[in-house]
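Numbering-wise, the sequence shown is residues 1043 to 1229 according to this note's numbering. Glycine is no exception: its CB is placed at the ideal position from the N, C-alpha and C atoms. Worksheet: one structure, shown below.
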Amino acid sequence: MNTETNTTESADTGLPMAEFMNLLSADGGAEYERDYWEHRECQYLKEQIDLRNGSLGTSARIQIPAQFVGREAASRHFKLMEFTRYSLRHVFTEKEMVIILNTTCDTVWEWRPGRSSVAGMVADDNGIEHPNLLPKDSLLYGLLVKLSNLTPAQNLALVDVCEGVWRALSGGPLGEMCDKLGMPLAE
């Protein structure tokens, strides 16, 4: 049984990278990379793929191509996000979604699990130190309360939807775009 995987040397980091990792960083994605995160993200992805590929011991019992391991992980991620978006169906109104979208008017959001939340992004963008400083009947107060109760997975799903809306800005009315992205808005 052949247990070798195809690897190449990354010109940027000098680290060996599986073909799947090269695929992730190819296709014109470099212009969207953040210099600070590029090395760390690629290294993190490689470590996670290696971990799932039997690198717990000194040698792997069975070596599976890194592309397959990465593809399976990505497929599971997208399915998890689909289920998570379902939990956000009819939670946000169009007015609330406009406020969320206006925090980061870009196709790529600087959101990292455990380091930021959409609630914090909205509060910062609107100069709010704490929601309790707002009138309890205000739209912004209600939105910040909703956002503060989101799980990390729900934050990620919401960021994915927001990026999708910005990438398809000419895709039609906001409600229709959110429907297509799997997160219908509340009335």
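For this session: Can you tell me the Cβ-Cβ gap for L1130 and Q1085, rounded? I've got them flagged as a contact below 8 Å.
Result: As a first step, residue 1130 must be located in the sequence shown, where it is residue number 88. As a first step, residue 1085 must be located in the sequence shown, where it is residue number 43. Not confirmed; about 31 Å, so no contact.
Exercise. Is the region 1179–1188 close to the region 1111–1119, with three or more CB pairs under 8 Å?
Worked result: no
Exercise. What are the partner residues of T1135, as DSSP defines its beta bridges?
Worked result: The residue labelled residue 1135 in the question sits at position 93 within the sequence shown. T1135 is bridged to A1228.
For this session: Measure the CB-CB distance between H1132 and P1226 and report whether it falls below 9 Å.
Result: Position 90 of the sequence shown, counted from the first residue, corresponds to residue 1132. Position 184 of the sequence shown, counted from the first residue, corresponds to residue 1226. In this structure, P1226 lies closer than 9 Å to H1132 by Cβ.
Exercise. Helix, strand or coil: how does DSSP classify R1154 here?
Worked result: Here residue 1154 refers to the residue found at position 112 when the sequence shown is read from its first residue. In the structure shown, R1154 sits in coil (DSSP, three-state: anything other than H, G, I, E or B).
Problem set entry | T1126: first and last residue of the uninterrupted alpha helix (DSSP H) it sits in | For this step, residue 1126 is matched to residue 84 along the sequence shown. That run of the alpha helix (DSSP H) goes 1108–1129.
For this session: Classify N1095 as buried or exposed, calling it buried when 16 or more other Cβ atoms lie within 10 Å of its own Cβ.
Result: Stepping through the sequence shown from its first residue, residue 1095 is reached at position 53. With 16 or more other Cβ atoms within 10 Å, it is buried.
Exercise. Contact check, D1167 vs N1144 under 8 Å by CB: the rounded distance?
Worked result: As a first step, residue 1167 is located in the sequence shown; it is residue number 125 there, counting from the start. As a first step, residue 1144 is located in the sequence shown; it is residue number 102 there, counting from the start. About 7 Å; that satisfies the 8 Å criterion.
Exercise. Under a Cβ-count criterion, where at least 16 other Cβ atoms within 10 Å of its own Cβ denotes burial, should E1171 be classed as buried or exposed?
Worked result: Position 129 of the sequence shown holds residue 1171. Exposed, by the Cβ-count rule.
Exercise. Under three-state DSSP, which class holds E1171?
Worked result: For this step, residue 1171 is matched to residue 129 along the sequence shown. E1171 falls in the coil class under three-state DSSP.
Exercise. So, using beta-carbon positions, are T1126 and A1199 closer together than 9 Å?
Worked result: Taking the sequence shown and counting its residues from 1, one reaches residue 1126 at position 84. Taking the sequence shown and counting its residues from 1, one reaches residue 1199 at position 157. Yes, these two residues count as a Cβ contact at 9 Å.
For this session: Look up G1162 in the DSSP assignment and say whether it is helix, strand or coil.
Result: Here residue 1162 refers to the residue found at position 120 of the sequence shown. G1162: helix per DSSP, three-state reduction.
Exercise. Below 9 Å between beta carbons: does that hold for T1146 and C1220?
Worked result: To locate residue 1146, count along the sequence shown from 1; it is residue 104. To locate residue 1220, count along the sequence shown from 1; it is residue 178. No, the Cβ-Cβ distance between T1146 and C1220 is not below 9 Å.
Exercise. What residue does the alpha helix (DSSP H) around D1221 start on, and which one ends it?
Worked result: Here residue 1221 corresponds to residue number 179 of the sequence shown, with the count starting at 1. Here the alpha helix (DSSP H) through D1221 covers 1216–1222.
Problem set entry | N1044 (DSSP reduced to helix, strand or coil) | Locating residue 1044 in the sequence shown gives position 2, where the first residue counts as 1. Per-residue confidence for N1044 stands at a pLDDT of 38, beneath the threshold of 50, marking its modelled position as unreliable; the derived number appears in the next sentence. Three-state DSSP puts N1044 in coil, outside helix and strand.
Exercise. In whole angstroms, what is the alpha-carbon distance linking S1180 and K1121?
Worked result: For the purposes of this step, residue 1180 is identified with residue 138 of the sequence shown, where counting begins at 1. For the purposes of this step, residue 1121 is identified with residue 79 of the sequence shown, where counting begins at 1. Approximately 35 Å, taken between the alpha carbons.
For this session: With a cut-off of 8 Å on the beta carbons, I'd call L1182 and L1175 a contact; round off their distance for me.
Result: By 1-based counting over the sequence shown, the position of residue 1182 is 140. By 1-based counting over the sequence shown, the position of residue 1175 is 133. Not really, about 10 Å apart at Cβ, beyond 8 Å.
For this session: Can you give me the Cβ contacts of R1209 inside the same chain, cut-off strictly under 7 Å, excluding the 5 residues immediately before and after it?
Result: Within the sequence shown, the letter at position 167 stands for residue 1209. Contacts found: T1149.
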